[in-house]
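Asker: Can you read through this structure? Questions will come right after.
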Amino acid sequence: MLAIFNSPNLPYVFGYGGASVLILLALFLWCWLAEPRCLLNGVIFNILFVVFWAWLGITIIATQNNLLIMITGTAFVIVVLILALIWASMAILLLWNAWIVWRRESHSLANMLTLFLGLGLLLLTILTIFVDRLPQPLQVLVFTVNTILNYGTLILFNFITSLVLYQFYPIRYRQQYIIVLGAGLLHGDTVSPLLAARIERGMKFYRKQIAKGQPAPKMIFSGGQGADEKLSEAKAMRTYAVLHGIPLEDTLLEDMSTTTQENLRFSDALIQKRELTKHYRAIFVSNNYHIFRAGLFARNAGLSANGKGAHTSFYYLPNAVLREFVAVTLMHKRRHMIVLGFILLFAAAALLVSFH
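The opening position of the sequence shown corresponds to residue 0 in numbering that gives the first Met the number 0, with each subsequent residue numbered one higher.
Here's what the structure looks like:
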């Protein structure tokens, strides 16, 4: 094994390893550019990330340059220690975020995900530390929960990678339509800061496209009227956009939808009715944490549209991303249930052994 680190082998390490990195990079770019609304892109990118750093590390060691090895080795250890510290402090960080959200947002179940996860991780950490003192069945239970947590962390990491990558997908400024996805209104008639960020992002794209000499796109405001709302989200959004300089004739309303799927499906129907074709150029706009899931819905509905994300306050992101993660995981629940089934099967076998 150590023979690969000899200096004469450096060209082979650099060449074959570099070729592997380039092949993975080409595969990733081909998949991502062809279809950015896919969790497989995150898997390929993460594999590319690991292979690249492994290749770089082996190449540096193979140079047998002690100064270079010392500098990069020290940097690597520092990064690992920082990541380990963050991971070890995750329960505390989640509880801290929950406290901030509790002070600034409504006390809804959706806004308490970091609180529940933080408390769960804290309890699990304590049980894991003292696991040797627990009865054997409880040891099996703690081990099983840790295994499920590790699996959940793996798919969460892949989801976040896919979500981040989607933010960078290039969209050309030659769209015919900008679909702004709705969200709940404050006091039943007022655009919330979160919804305003979506409208502002759509208006920014609208103005930039015109500045580039392209025809003005139509802005479709999509959102129905909830039971506790005095008007539809679509009307409230259009009023906001017109007050901020968007010409009324460049706006359209889709005011029947109640979910993201309906936002996209009903907006698609409205466009097809206008264009008399399924082939058109459009984007949708939502908050940055939401656009990847909206993209999955668009792909499932056969829409070729991709999304532009609006800024979201940093403190709000952990809860929002967790909520999106749960929703996307449930969209693929069959494959995850199979994995969980195997984990629970092994746990049941371990419990049977412990009782004998």
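Backbone N, C-alpha and C fix where the C-beta goes; we use that ideal spot for every residue, glycine too.
Can you give me the start and stop residues for the alpha helix (DSSP H) that Y314 sits inside?
Answerer: Premise fails: Y314 is in no alpha helix (DSSP H) and is neither H nor E.
Asker: List the endpoints of the continuous beta strand (DSSP E) containing Y279.
Answerer: Premise fails: Y279 is in no beta strand (DSSP E) and is neither H nor E.
Asker: Along the alpha helix (DSSP H) that carries S161, what are the first and last residues, could you check?
Answerer: 135-166
Asker: Do A195 and M218 have their CB atoms nearer than 8 Å?
Answerer: no
Asker: Please report the straight-line C-alpha distance between V325 and V20, rounded to a whole angstrom.
Answerer: 32 Å
Asker: Going by other Cβ atoms of all chains shown within 10 Å of its Cβ, with 16 needed for buried, is L263 buried or exposed?
Answerer: buried
Asker: Rounding to the nearest angstrom, what Cα-Cα distance links V139 and T127 in this structure?
Answerer: So the alpha carbons of these two residues sit roughly 11 Å apart.
Asker: Could you give the DSSP three-state label for L339: helix, strand or coil?
Answerer: helix
Asker: Does the beta-carbon of V241, which I'm using as the reference point, lie nearer than 7 Å to any heavy atom of the ligand MG?
Answerer: The ligand MG is absent from the structure shown, which contains no ligand whatsoever.
Asker: According to DSSP, is V284 helix, strand or coil?
Answerer: strand
Asker: On the CB-based measure, 16 or more other CB atoms within 10 Å of its CB, does G294 come out buried or exposed?
Answerer: buried
Asker: Looking only at its own chain, which residues have a Cβ that is under 6 Å from the Cβ of F210, when we skip the five neighbours before and after it?
Answerer: It should be noted that the sequence gives Ala, not Phe, for residue 210. Result list for A210: empty, nothing under 6 Å.
Asker: Just to confirm the assignment, what range does the alpha helix (DSSP H) spanning V50 have?
Answerer: Looking at the DSSP string, the run of the alpha helix (DSSP H) that includes V50 is 39-61.
Asker: Roughly how many whole angstroms lie between the Cα atoms of L344 and K207?
Answerer: 56 Å
Asker: Whole angstroms is fine: what's the gap from L339's alpha carbon to R102's?
Answerer: 36 Å
Asker: Near Y279, what residues of its chain come up, given a Cβ to Cβ distance below 7 Å and the 5 sequence neighbours on each side ignored?
Answerer: Q175, Y176, I270
Asker: Please state whether DSSP places M255 in a helix, a strand or coil.
Answerer: coil
Asker: For F220, which of helix, strand or coil comes out of DSSP?
Answerer: strand
Asker: Less than 8 Å between the beta carbons of T71 and I81, yes or no?
Answerer: no
Asker: State yes or no: is the C-beta of M236 within less than 8 Å of the C-beta of G222?
Answerer: yes
Asker: Find out if the Cβ-Cβ distance for the pair D267, A300 is shorter than 8 Å.
Answerer: yes
Asker: Taking three-plus beta-carbon pairs below 8 Å as touching, is the region 132-150 in contact with the region 247-255?
Answerer: no
Asker: Please work out which residues of its chain come closer than 8 Å, Cβ to Cβ, to V327, disregarding the five sequence neighbours upstream and downstream, and give them in chain order.
Answerer: Counting only Cβ-Cβ distances below 8 Å, and skipping sequence neighbours, we find L38, F158, F291, R292, L295.
Asker: Using the Cβ count rule (16 or more neighbours within 10 Å means buried), how would you classify H243?
Answerer: exposed
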